[in-house]
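Numbering (mature numbering (1 follows the signal peptide of the UniProt record, and there is no 0)), first residue to last: -23 to -1, 1 to 79.
Every residue gets a Cβ at the ideal spot worked out from N, C-alpha and C, and that includes glycine.
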């Protein structure tokens, strides 16, 4: 009976770990970049994952997504300091000030 409880506990924990696994597909970049739409960004730009087009950085207090790879303006990061790691990666966040190194 004790072994059965241990096995069931192990299987339950293993199931919890598998449920919390998330991933994204790798970006499939074209061999040649095509012309991109011009962007007018009040908070600056960064290149997309294929280094083809400029994307707008998110501004202070604007919503952002870590999983989508969105970038905040200089001095800010996408996140919520009160959330755990999974919520940090999966959730919708806001551009908040970067932590100052002490």
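Where the beta strand (DSSP E) containing residue 17 begins and where it ends: Premise fails: residue 17 is in no beta strand (DSSP E) and is neither H nor E.
Residues near residue 4 in its chain [Cβ-Cβ closer than 7 Å; skip 5 each side]: Exclusion of the five residues before and after residue 4 leaves 26 and 27 as the residues of its chain whose Cβ lies within less than 7 Å of its Cβ.
Would you kindly work out how many angstroms separate the C-alpha atoms of residue 29 and residue 47, rounded to a whole number? 16 Å
If distances are taken between C-alpha atoms only, which option among 8, 11, 13 and 39 comes closest to residue 19? 39
Count the other CB atoms, across all protein chains shown, that sit within 10 Å of the CB of residue 11; report buried if there are 16 or more and exposed otherwise. Around the beta carbon of residue 11, fewer than 16 other beta carbons sit within 10 angstroms, so the residue counts as exposed.
Separation of residue 44 from residue 71, as counted between CA atoms: 13 Å
Close-in-space but distant-in-sequence residues of the same chain around residue 37 (CB under 7 Å, 5 per side omitted): Contacts found: 50, 53 and 72.
If you drop the 5 nearest sequence neighbours on each side, which residues of the same chain put their C-beta closer than 8 Å to that of residue 14? 30
Please state whether DSSP places residue 44 in a helix, a strand or coil. Three-state result, residue 44: coil.
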